[in-house]
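A.B. asks: Top line first, the protein sequences correspond to chains A and B.
So the first sequence is numbered by my numbering: it starts at 1 and just counts up by one.
So the second sequence is numbered by my numbering: it starts at 271 and just counts up by one.
Protein chains: 2
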Amino acid sequence: MTNSIEQYLARWRKEVDRTLEENLPPAKTPPAIIHEAMRYAVLGAGKRVRPILAVAAAEACGANPEPLLVPFAALELIHTYSLVHDDLPALDDDNLRRGRKTTHVVFGEAIGILTGDALLTEAFSWLARSTNNSRAIREVAEAIDSKGMIGGQVDKTAKLITGSVVLGGLLANASDEKIAALRRYGESTGLAFQIVDDLLDQERTSEELGKTAGKDVAQGKLTYPALIGSGAARKRLEELLQEAVDNAAVIGGRVNYLAAIARYICERRS
Amino acid sequence: MTNSIEQYLARWRKEVDRTLEENLPPAKTPPAIIHEAMRYAVLGAGKRVRPILAVAAAEACGANPEPLLVPFAALELIHTYSLVHDDLPALDDDNLRRGRKTTHVVFGEAIGILTGDALLTEAFSWLARSTNNSRAIREVAEAIDSKGMIGGQVDKTAKLITGSVVLGGLLANASDEKIAALRRYGESTGLAFQIVDDLLDQERTSEELGKTAGKDVAQGKLTYPALIGSGAARKRLEELLQEAVDNAAVIGGRVNYLAAIARYICERRS
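#1: Would you mind reading off the limits of the alpha helix (DSSP H) that contains residue 38 (chain A)?
#2: On the three-state DSSP scale, how would you describe residue 429 (chain B)?
#3: Within 8 Å of any Cβ in chain A, is that where the Cβ of residue 428 (chain B) sits?
#4: Give the secondary structure of residue 510 (chain B) by DSSP, where H, G and I count as helix, E and B as strand, and everything else as coil.
#5: My understanding is that residue 42 (chain A) touches residue 75 (chain A), with C-beta atoms under 8 Å, so please give their C-beta distance in whole angstroms.
#6: As a quick exercise: from B:456, B:449, B:503, pick the residue whose alpha carbon is nearest that of residue 468 (chain B).
#7: Restricting to Cα atoms, I'd like to know which of B:316, B:460, B:525, B:451 is closest to residue 479 (chain B).
#8: Taking 7 Å as the limit between beta carbons, can you name the residues of its chain near residue 195 (chain A), skipping five residues before and five after?
#9: Could you tell me which whole beta strand (DSSP E) segments of length 3 or greater appear in the stretch 60–121 of chain A?
#10: Just to confirm, is the Cβ distance from residue 164 (chain A) to residue 262 (chain A) under 8 Å?
#11: Nearest chain B C-beta to residue 182 (chain A) closer than 8 Å, yes or no?
#12: Applying the 10 Å Cβ sphere with the 16-neighbour rule, what's the burial state of residue 294 (chain B)?
#13: So, is the C-beta of residue 131 (chain A) closer than 8 Å to a C-beta in chain B?
#14: Given a threshold of 16 other Cβ atoms within 10 Å of its Cβ, counted over all protein chains shown, does residue 71 (chain A) qualify as buried or as exposed?
#15: For residue 79 (chain A), I'd like the list of residues in its chain whose CB is within less than 7 Å of its CB, leaving aside the five on either flank, ordered along the chain.
#16: Can you find the residues in the same chain that come closer than 6 Å, C-beta to C-beta, to residue 452 (chain B), ignoring five residues on each side of it along the sequence?
#17: Check the Cβ of residue 317 (chain B) against every Cβ in chain A and list those closer than 7 Å, keeping chain order.
#18: Quick one: what does DSSP say residue 255 (chain A) is sitting in, helix, strand or coil?
#19: If I follow the unbroken alpha helix (DSSP H) through residue 293 (chain B), where does it start and stop?
#20: Which whole-angstrom value is the C-beta distance of residue 244 (chain A) and residue 189 (chain A), which I expect to be below 8 Å?
#21: Buried or exposed for residue 187 (chain A), please, with buried defined as at least 16 other CB atoms from any protein chain shown within 10 angstroms of its CB.
#22: Find the nearest neighbour of residue 179 (chain A) within the set A:10, A:252, A:152, judged by alpha-carbon distance.
#23: So which residues on chain B does residue 122 (chain A) lean against when the C-beta distance must stay under 9 Å?
#24: Mapping DSSP to helix, strand and coil, what is residue 261 (chain A)?
#25: Would you say residue 90 (chain A) lies against chain B (beta-carbon separation less than 8 Å)?
#26: Residue 445 (chain B) versus chain A: which residues are under 9 Å apart at the beta carbon?
#27: Cα-Cα, which of B:366, B:385, B:489 is closest to residue 147 (chain A)?
#28: Have a look at residue 361 (chain B) and residue 112 (chain A) and give me their C-alpha separation to the nearest angstrom.
#29: Determine, for residue 271 (chain B), whether the minimum Cβ-Cβ distance to residues of chain A falls below 8 Å.
#30: Less than 8 Å between the C-beta atoms of residue 40 (chain A) and residue 131 (chain A), yes or no?
#31: What's the C-alpha gap between residue 389 (chain B) and residue 217 (chain A)?
#32: Inspect the beta-carbon positions of residue 404 (chain B) and residue 138 (chain A) and report whether they are closer than 8 Å.
#33: Please determine, among A:192, A:246, A:212, A:249, the residue with the shortest C-alpha to C-alpha distance to residue 264 (chain A).
#34: Given a cut-off of 8 Å, decide if residue 212 (chain A) and residue 86 (chain A) are closer than it, judged by their beta-carbon atoms.
#35: Return the first residue and the last residue of the alpha helix (DSSP H) that residue 134 (chain A) is part of.
#36: Which residues in the same chain as residue 366 (chain B) place their Cβ atom closer than 8 Å to its Cβ, once the five residues preceding and following it in sequence are excluded?
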């Protein structure tokens with residue numbers, strides 16, 4: 001590995017951004033208001049963690065991620081749909097996301113609902129048009145169904161992150177053993193990501209995060225720090241990082257940034 | 271054809287109902303509230319038009335529809351998701367559907383949004399788990415994306431109906447010529463279905479329809495009767511039926527109920 005993790009993340013974030021920009025429907029194609037809202041919600045200051053995890057998983061399994069960017073970028077559409085719907089007045093009623101106004105605040109509640117629907121549908125369209133691997137499509141659908149992301153309370157984030165990592169392996173035609181290791185890596189890294197989010201929500205300001213801080217406590221949400229305390233949550237975080245690093249080693253590969261990404265996720269400050 | 275169209279529709283409606291009942295997550299599996307709401311929204315007095323059109327299309331193309339019931343029933347999940355979201359306060363704000371209270375009225379607005387999301391996701395899960403034909407999954411996704419059902423004003427219904435008919439043909443491995451004829455049949459039948467809906471909305475009571483009547487006019491919606499007048503809409507209906515019948519004949523097949531279904535749709539009273 002000649003690149004630092006920061007360079008790796010920046011490189012692929014740029015590639016994912018380009019893929020999203022090029023493949024989302026143009027803002028002027030009717031229905032313009034929905035396409036404008038889709039682009040507003042997706043294009044912006046996202047970290048693109050899920051697509052980049054899929055890229056790293058595919059690369060660790062020996063595939064060139066470039067031709068897989070469309071199905072991997074579909075993961076960002078799914079993540080964004082979940083944010084747009086969660087931010088609605090009937091749910092979290094949030095008005096700040098990725099450093100700017102939430103979609104329904106800008107476009108109205110009706111367009112907020114339809115935009116989330118459109119992003120979710122678009123994601124499956126991108127997946128189906130870019131792979132013949134229906135097992136991969138099923139993996140993503142099950143990660144985000146009522147038993148997965150939609151119904152998840154504490155482990156909502158971990159479900160889609162695990163699905164993203166496994167998608168990367170499946171589209172790289174990885175062995176069952178590697179897929180199993182990727183799944184364990186995804187579960188550890190996804191839960192770690194969630195715990196860091198929860199800790200940051202307590203410790204940082206809205207300005208630093210680009211989204212409303214302190215709302216978990218305000219809404220009485222079930223979070224790891226709330227359930228087991230901040231100290232125990234930090235200890236759990238260390239164990240999860242070790243599990244992620246161990247599973248990344250099982251996967252092996254000539255270029256494998258999975259351990260570095262897990263570490264980056266655990267140490268991030270926003 | 272030894273069965274009347276009524277018998278044919280009743281038989282397959284029962285099969286679709288059984289497939290939905292057996293494949294939806296049990297109401298007691300967590301998150302119970304969402305699974306209860308999914309079942310409430312889907313199971314009930316639906317006509318199951320879209321799955322039955324897929325059945326008839328597959329049968330006309332020579333396939334046994336029985337093993338295809340799971341992907342075909344997914345079309346009913348999609349149709350129901352669109353109803354659940356359209357009925358929300360921020361959209362049509364409707365409280366009557368299929369003869370009973372709408373989902374968000376019973377379960378609250380937040381669960382209404384999440385239930386629609388869960389039904390849409392579940393549909394792609396059913397499609398992906400029951401077919402290796404990613405072209406078929408893509409066909410459905412594109413029928414209901416921002417340029418299809420979500421963005422459609424006048425032709426919203428026609429998009430999913432066309433997608434349903436084409437799905438039936440694709441899963442029956444029909445030739446490109448037959449798929450093209452099915453697409454034309456679906457467009458004609460779908461638009462006819464929409465016009466009949468619009469006319470019924472003007473002419474029948476809420477009790478007769480099991481949903482709020484007269485709301486198109488009340489909301490100033492773009493409908494065919496509103497755009498071109500009831501008389502012209504009826505004339506267009508006859509032309510569309512003829513187109514549907516002609517294309518059903520192009521498809522041929524030993525058992526072909528497509529023309530009979532198109533006629534039934536045009537003559538229905540609720």
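Each residue gets a CB set at the ideal place from its N, CA and C atoms; glycine is no exception.
All figures in this text were calculated on a predicted structure; none of them were measured in a lab.
C.D. replies: According to the structure shown:
#1: 32–42
#2: Of the three classes helix, strand and coil, the one that applies to residue 429 (chain B) here is helix, per DSSP.
#3: no
#4: Here DSSP, grouped into helix, strand and coil, assigns residue 510 (chain B) to helix.
#5: No, residue 42 (chain A) and residue 75 (chain A) are not in contact; Cβ-Cβ is about 12 Å, not under 8 Å.
#6: B:503
#7: When each option's Cα is compared against that of residue 479 (chain B), the closest is B:316.
#8: 224, 233, 236, 237
#9: none
#10: no
#11: no
#12: buried
#13: yes
#14: buried
#15: Cβ neighbours of residue 79 (chain A) beyond the five flanking positions: 50, 160.
#16: 327, 435, 436, 439
#17: None at all; the shortest Cβ gap to chain A is about 23 Å.
#18: coil
#19: 275–293
#20: 5 Å
#21: buried
#22: Checked all of A:10, A:252, A:152; the closest Cα to residue 179 (chain A) is A:252.
#23: In chain order: 411, 415, 416.
#24: helix
#25: yes
#26: Neighbours of residue 445 (chain B) on chain A: none; closest Cβ ~20 Å, over 9 Å.
#27: B:385
#28: 10 Å
#29: Caution is warranted here: a pLDDT of 47 is assigned to residue 271 (chain B), below 50, making its placement in the model unreliable, and the coordinate value is therefore given only provisionally. Not closer than 8 Å to any Cβ of chain A, the Cβ of residue 271 (chain B) fails to qualify, so no.
#30: No, the Cβ-Cβ distance between residue 40 (chain A) and residue 131 (chain A) is not below 8 Å.
#31: 30 Å
#32: no
#33: A:192
#34: Result no, Cβ atoms of residue 86 (chain A) and residue 212 (chain A) do not sit closer than 8 Å.
#35: Residue 134 (chain A) -> alpha helix (DSSP H) spans 134–143.
#36: Residues 372, 476, 480, 481, 482 of the same chain have their beta carbon placed closer than 8 Å to that of residue 366 (chain B), with the five preceding and five following residues left out of the count.
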